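Below you'll find the structure, written out as structure tokens, and then a few comments.
Protein chains in written order, with my numbering: chain A, 1 to 297; chain B, 298 to 594.
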């Protein structure tokens, strides 16, 4: 079975009716909705769903179309970086598909979406057309307010759609990527500077692990100091290696790890490495898990 | 969905045609065959299958009936303890079922089997009628050759069937239990006495963990010294605790762990504890695993 996941991010996180609209649209397609997250501060909503590739692409197109009707970027405020109503549309190959196939679908989606709605589109991550556009942060730099100017820069010729800003809907990034794993490591310290130093040591940007992005921060409402990591390739930089490296750097400050949070979903393959490492079981595979053979209810 | 597993053990492990006979029988039922293991030294075969409770009970009855036709205990030799042609029939509740329901099915199966084939049956583990029969080892002590005498002992009134030995087929134990986890911990030593001392320290019988059974042994053909453990209740004695305790005791001899083998299948729940412990993620659940929502191929 070929299974593709899509996690579009929309610039509307305050209106409950918006989420109802999205789920109503999704219900018309043979896809499975996994999660809807809204954040009021960010003023942003993420939808996670999966299914057969064709159904997922069609559902994503319908969702994006509805979101464009409902969102006006000219009045959007939010603390999360954003550049468009349909801000980012990543496709994630989950089973029976190669990354190359996901890239093809992402680009097909991006071109169709751009033409249909006259929106500038950039391809990012594995779908990027040049290394300078691999990172979403680079594409989005300047945010919605800076996009008019950015689109006049010869370095930012769009991958699809018009070269001029869509005032109402902004700019959209469409990409393909591996499942991303989000791990927060909570520290036994109140000192956010320590968390920041650890984050810098373990992340790629600071000379750390190649597929780790990390920031150190205080989560004020929970009274927690943490290193918040995104693992971009859990095969090449597995969870245990990132977490153990955080512990090793924390030890330099006499700080120990209080606990970790795993945010959202992870693929079972990412846990194979965890079990294999800590229990020293070489080649442990999820085929040894009974549930591998039992269909979920 | 209610899913029951059955893992009958038969006293025939040398004839390939025997396994073919069993799989032919199983194919007539709506159950899923997970594994067939034969061992020539043990002269014993295990079959693992699961499905809806009624189908599993019916399939187990048909399998056992065919095995009785093919096996004659009067000529059986093997290194593994055994007392009957259909030696043990454990039922394991996998999903949507309580242990009480599995016990009920085990006893129903045991009574029907005993009457139909005139074979003495004892109920063991969770299906036991008295604590003295909880342990299979206690029931089987004396093996086939000692059963005639054992059945004359007032302490061993059968739970079902005749009180006299069935010469051809021996005695059968029928039970219900949790999924059993088999872990071998391989040691960096050639000294089997060290493995035996560690096994004794970690197992319940030696004052160790309540739900651990363990032996220390040499696996000559692999040149390995190991502590071989069965975890009888992975909720109350999780994998990591047993493995870490082996490491702690091994350290007393300056011996480290080379690696572990996980034998056969494990439930995903047993891995939740492993991930939760080593990555310090309190309350980690398999509902965070994407594959939880994707039917297996």
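No residue lacks a Cβ here, since even glycine has one placed at the ideal position from N, Cα and C. Note that this is a predicted model, so its numbers are computed, not measured.
What is the C-beta distance between residue i and residue j, in whole angstroms, given that I count them as a contact (C-beta under 8 angstroms)?
i: residue 387(B); j: residue 473(B); result: 7 angstroms
i: residue 440(B); j: residue 367(B); result: That belief does not hold up - the Cβ atoms of residue 440(B) and residue 367(B) are roughly 20 angstroms apart, past 8 angstroms.
i: residue 424(B); j: residue 400(B); result: 5 angstroms
i: residue 231(A); j: residue 94(A); result: Contact doesn't hold; Cβ gap of about 16 angstroms is too wide.
i: residue 430(B); j: residue 421(B); result: 6 angstroms
i: residue 481(B); j: residue 560(B); result: 7 angstroms
i: residue 348(B); j: residue 378(B); result: Actually they do not touch by this definition, with Cβ atoms about 29 angstroms apart.
i: residue 234(A); j: residue 575(B); result: Residue 234(A) to residue 575(B), Cβ: 16 angstroms. No contact.
Per DSSP, what kind of secondary structure is residue i in: helix, strand or coil?
i: residue 365(B); result: helix
i: residue 525(B); result: strand
i: residue 555(B); result: strand
i: residue 45(A); result: strand
i: residue 451(B); result: helix
i: residue 359(B); result: helix
i: residue 488(B); result: coil
i: residue 581(B); result: coil
i: residue 290(A); result: helix
i: residue 550(B); result: coil
i: residue 200(A); result: helix
i: residue 269(A); result: helix
i: residue 335(B); result: strand
i: residue 435(B); result: helix
i: residue 275(A); result: helix
i: residue 468(B); result: coil
i: residue 339(A); result: The requested residue 339(A) does not occur in the structure, where chain A is confined to residues 1 to 297.
i: residue 119(A); result: coil
i: residue 324(B); result: coil
Can you tell me which residues form a DSSP beta bridge with residue i?
i: residue 32(A); result: 50(A)
i: residue 312(B); result: Bridge partners of residue 312(B): none, in fact.
i: residue 217(A); result: 226(A)
i: residue 144(A); result: Answer is none; residue 144(A) lacks a bridge partner.
i: residue 392(B); result: 300(B)
i: residue 251(B); result: With chain B covering only 298 through 594, there is no way to say anything about residue 251(B).
i: residue 263(A); result: 182(A)
i: residue 457(B); result: 418(B)
Determine, using beta carbons only, whether residue i and residue j come nearer to each other than 7 angstroms.
i: residue 370(B); j: residue 382(B); result: yes
i: residue 165(A); j: residue 255(A); result: no
i: residue 419(B); j: residue 402(B); result: no
i: residue 42(A); j: residue 79(A); result: yes
i: residue 356(B); j: residue 323(B); result: yes
i: residue 83(A); j: residue 178(A); result: no
i: residue 496(B); j: residue 512(B); result: yes
i: residue 169(A); j: residue 63(A); result: no
i: residue 299(A); j: residue 578(B); result: Residue 299(A) is absent from the structure shown; chain A starts at 1 and stops at 297.
i: residue 100(A); j: residue 136(A); result: no
i: residue 48(A); j: residue 7(A); result: yes
Leaving out five residues on either side along the sequence, give the residues of the same chain with a beta carbon under 6 angstroms from the beta carbon of residue i.
i: residue 570(B); result: 535
i: residue 573(B); result: 581
i: residue 325(B); result: none
i: residue 546(B); result: 495 and 498
i: residue 457(B); result: 407, 408, 411 and 418
i: residue 486(B); result: 522 and 552
i: residue 542(B); result: 499
i: residue 374(B); result: none
Go through its chain and collect everything with a Cβ distance to residue i's Cβ below 8 angstroms, but skip five positions before and after it.
i: residue 45(A); result: 9, 10, 12, 13, 18, 19, 22, 36, 37, 38 and 39
i: residue 289(A); result: 268
i: residue 236(A); result: 210 and 211
i: residue 446(B); result: 439
i: residue 583(B); result: 565, 566, 568, 569 and 589
i: residue 204(A); result: 210, 211, 212 and 213
In its own chain, which residues sit with a C-beta less than 7 angstroms from the C-beta of residue i, not counting the 5 before and 5 after it?
i: residue 162(A); result: 118 and 120
i: residue 217(A); result: 192, 195, 226 and 228
i: residue 1(A); result: 95 and 96
i: residue 247(A); result: 257
Legend entry - Positions along the region 183-200 of chain A whose CB lies within less than 9 angstroms of some CB in chain C: Among the protein chains of the structure shown, namely A and B, there is no chain C.
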